[in-house]
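Chains as they are written, first to last, in this note's numbering: chain U, 503 to 696; chain W, 503 to 696; chain V, 503 to 696; chain R, 503 to 696. All remarks here apply to the structure that follows.
Number of protein chains: 4
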Amino acid sequence: MEQPSKRRRILDAAVEIFSRYGFYNSKVSQVAKAAGVADGTIYLYFKNKEAILIQVFEDTMEELSSKQRMALDGLETATDKLRTFVRVHFEMVGRNPELAEVLTVELRQSGKFMRDADMRAFGRYLGIAARIVAEGQAAGEFSPDLRPRRVARMLFGAIDELSLEWAMSARRKLVEEAYSQTVRVFLNGLNRKE
Amino acid sequence: MEQPSKRRRILDAAVEIFSRYGFYNSKVSQVAKAAGVADGTIYLYFKNKEAILIQVFEDTMEELSSKQRMALDGLETATDKLRTFVRVHFEMVGRNPELAEVLTVELRQSGKFMRDADMRAFGRYLGIAARIVAEGQAAGEFSPDLRPRRVARMLFGAIDELSLEWAMSARRKLVEEAYSQTVRVFLNGLNRKE
Amino acid sequence: MEQPSKRRRILDAAVEIFSRYGFYNSKVSQVAKAAGVADGTIYLYFKNKEAILIQVFEDTMEELSSKQRMALDGLETATDKLRTFVRVHFEMVGRNPELAEVLTVELRQSGKFMRDADMRAFGRYLGIAARIVAEGQAAGEFSPDLRPRRVARMLFGAIDELSLEWAMSARRKLVEEAYSQTVRVFLNGLNRKE
Amino acid sequence: MEQPSKRRRILDAAVEIFSRYGFYNSKVSQVAKAAGVADGTIYLYFKNKEAILIQVFEDTMEELSSKQRMALDGLETATDKLRTFVRVHFEMVGRNPELAEVLTVELRQSGKFMRDADMRAFGRYLGIAARIVAEGQAAGEFSPDLRPRRVARMLFGAIDELSLEWAMSARRKLVEEAYSQTVRVFLNGLNRKE
DNA sequence: TATGAATGAGGTTTCATTCAT
DNA sequence: TATGAATGAAACCTCATTCAT
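Here it is in structure tokens:
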């Protein structure tokens, strides 16, 4: 069969269900049904319900990180890189709004319940942005007195908030605008003042 | 007796419990116990568990809005106002990290389940920031080609993300830094480029 | 004040509420509200919720018995008496359908939970009908080989079933018909066959 | 396994428990225990507690109706049919007093809360008796000026009342007597007077 | 691997009853 | 007597998880 593996189907179904109802209001049986498997089958692939969420989160973060690294590869300036970072993130949101919603919401919700592994996946993603900032500072493009990690987090919060607004609204044309405005604010915000 | 009203005690207890365990992992009986009332008493003041969360959210948003309006009153420039807006928000977080955490996390979680009333409370808060941006544009302080509402949302996301990081970490000195860096990035980001 | 005593008001309110929602679906607070007293006041007059029902039942049975005795007093033949018994019962139903419904329904529902006292009140009412039958048999009006108590019960069941149908329907003109048909069937049924 | 289905076991257990404690005083967990299943299993077969009662009611009514139709099939006169109708009803009561009690009691209790479906099951049963009366009238056996439906209801009330008395007493020999006396009263009552 | 019927722990909520005023 | 806010026991029901097939 050339259809995705069961494990994959379960994860995809989970994204769909979790984004529609929220993690705590989703039932495992709903996910099973959406995945076209029996309830019990879920437990052959995941220890429990929470493990599905964790996996969705990690998978997505890693995929995003990977996409970012590929897109950033070869770019010269930090300015270009930051622009790209924001664009890639919004592209993911644009292509998969449900996934974005799950990420964004559950990242918070689960918060302190997240395992270290998950925080690390998130940390790696933030690290990409932080590195861009640091590079920009080293190259003299960005103000040197901002803490890269903090800026990265701020940037993520801004992007994420706009993503959520976008995912929850019906006006699907906002991505482009969200992208350009975020870039404008942050690039200006980070630019070295002479 | 000069102690707070039962209703108030329940709300305070809810913030404590919700922030510690998350809304869905909190039990009404825990809230009752923390409030020093019987389980049933909760239901004299709130229709159900969710109504407590909603109320916490609305109360806080209104209080924050009110604090902002007072702090902003009399300020001249949009630049000053934006700086103040960020400061007031972080001050609240600094004084009441648990409350901030509940707000920030549950705002997302409940997301689309939120009632109009709640979205409106949130919308009013955003409106304050949006108006500052618009005023700044009208006065020539800020770039005119940014959409105030979008910027307000971006700003909220950034602040909120830093708040969450801060609330969940033990290093309580970050507030001051978070404030100053946010202000720097956003003020520069919004400034009119000549 | 010339209004009814609180105790009376509570009983009347109970009849209204119990008939509308059924005993188990009625809340004490509803009864209190309908009676215009505080919840706690109920417990100054009745030991508990069930005691209200019991009292309603006993009161009504005694009142019915009393009405029957007055109506029957002076009548000569058992035939006349039986006719009157049926008429008086249906008159009560006609005047106070809610009361009838409570009686009829709760008599069954409470069934084995009823105290002896209540069964005795009911027994006394049945006794009136049974005595009529026995007198009719002694006078040669009715067949001698029917057990009066059994017939009384049968009669009560028949009347009661029609009452219930009537109380629950909107067609309030049936009482007269129910009366005449019941009398016809039972008088013929009891008549001595030669 | 040749033992009854779980669904069947639950219904049987419900009859036992409901008749012993009354519907509102019965706990779902009691029914589950009596049926030998877990509490949750009940909800795989019934939407909620009330649905069990409804099902018991409908099942029994249909079974009774079916029994009646089979017993009546082939009988010639309405007199014979009426006699049979009463006998079959009392036989059911004699074989399954608990079931009878649940029926009789809860039929009233639930009263106006009953769904149309249930009233229809009851209506069909009444219809059988009503048809007998109508046939008897058409054949000249019974007085033509009684309304069949009303008489059917009266008959049901009488039978039912005796059933209840019987179910609640310990003297289990009364069925035969109840049968013969009911038949006597009603047949005479309905007979055409010349 | 896959199923899905069965489990049973446990939470939210109701409401009869109490008691301080 | 009267109040009504407060109590807290208890029940219905849900649903994540298991396990016999």
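Even for Gly, the Cβ is constructed at its ideal location relative to N, Cα and C. Everything numeric in this text was worked out from a predicted model, so none of it was measured.
A residue is called buried once 16 or more other Cβ atoms fall within 10 Å of its Cβ, and ALA632 (chain R) is buried on that count. Taking 8 angstroms as the CB threshold, THR684 (chain W) lines the interface with chain U. With respect to ALA641 (chain U), GLU564 (chain U) sits apart: the two C-beta atoms are not nearer than 8 angstroms.
Listed along chain V, the residues sitting closer than 7 angstroms to ALA660 (chain R) by beta-carbon distance are MET656, GLY659 and ALA660. Rounded to the nearest whole angstrom, the CA to CA distance from ALA654 (chain V) to GLN570 (chain R) is 26 angstroms.
Listed along chain W, no residue sits closer than 7 angstroms to ALA553 (chain U) by beta-carbon distance, the nearest being about 16 angstroms off.
Distance between LYS529 (chain U) and GLN557 (chain U), taken at the CA atoms: about 17 angstroms. MET656 (chain R) places its beta carbon less than 8 angstroms from that of LEU664 (chain V).
For a cut-off of 8 angstroms, the C-beta gap from TYR526 (chain V) to TYR526 (chain R) is around 4 angstroms, short enough to register as a contact. Taken in chain order, the complete alpha helix (DSSP H) segments of 4 residues or longer contained in the segment 644-675 of chain R are 650-670. Residue pairing of ASN693 (chain R) in beta bridges, as defined by DSSP: R:PHE644. Of V:PRO650, V:GLU679 and V:ALA516, the smallest CA-CA separation from LYS535 (chain V) is found for V:ALA516. When the beta-carbon positions are compared, LEU648 (chain V) and THR581 (chain V) stay at least 8 angstroms from each other.
Shown here for LYS549 (chain V): not one same chain residue has a beta carbon closer than 7 angstroms to its own, the five before and five after excluded. Among the residues of the segment 618-650 of chain U, those with a Cβ less than 9 angstroms away from any Cβ of chain W are SER645, ASP647, LEU648 and ARG649, in the order of the chain. Taken atom to atom, the span from the alpha-carbon of GLU637 (chain V) to that of ILE544 (chain R) is near 54 angstroms.
Bounds of the alpha helix (DSSP H) holding SER531 (chain W) are 530-537.
If you ignore the 5 residues before and after SER531 (chain V), its C-beta comes within less than 6 angstroms of the C-beta of ASP541, all in its own chain and listed in chain order. Any Cβ of chain U closer than 8 angstroms to the Cβ of ALA680 (chain W) would place that residue at the interface, and such an atom is present. Nearest Cα to ALA537 (chain R) within the set R:ALA660, R:PRO506 and R:SER671: R:PRO506.
Minimum Cα-Cα distance from ARG589 (chain V) among the listed residues V:THR684, V:LEU692, V:ALA669 and V:GLY691 corresponds to V:THR684. The C-alpha of PHE520 (chain U) is placed about 21 angstroms away from the C-alpha of ILE661 (chain U). Nearest CB-CB separation between GLY576 (chain U) and chain W: not below the 8 angstroms threshold. Counting other Cβ atoms within 10 Å of its Cβ, MET572 (chain U) stays below 16 and is therefore classed as exposed.
Assignment of PHE525 (chain U) by DSSP, reduced to helix, strand and coil, places it in the coil class. Using a Cβ-Cβ cut-off of 8 angstroms, ASN598 (chain V) does not count as an interface residue toward chain R, since no Cβ of chain R sits closer than that to its own.
Secondary structure at GLU600 (chain V): helix, using DSSP grouped into helix, strand and coil.
For GLU593 (chain R), no CB of chain V lies under 8 angstroms from its own CB, so it is not counted at the interface with that chain. Interface with chain V (8 angstroms Cβ-Cβ cutoff): TYR545 (chain R) is excluded. DSSP places SER682 (chain R) within a helical segment (H, G or I) once states are collapsed to three. Note on GLU678 (chain R): under 16 other CB atoms within 10 angstroms of its CB, so exposed under the neighbour-count rule. Residue ranges of uninterrupted alpha helix (DSSP H) with 4 or more members, entirely inside the segment 528-594 of chain W and ordered along the chain, are 530-537, 541-547 and 551-574. When only Cα atoms are considered, THR579 (chain V) and VAL635 (chain V) end up about 11 angstroms apart. Take LEU577 (chain W), set aside five residues on each side of it, and the residues of its chain with a beta-carbon closer than 7 angstroms to its own are LYS583 and THR586, in chain order.
Taking a contact as a CB-CB distance under 8 angstroms, the pair LEU628 (chain W) and PHE559 (chain W) does not count as one, their CB atoms being some 14 angstroms apart.
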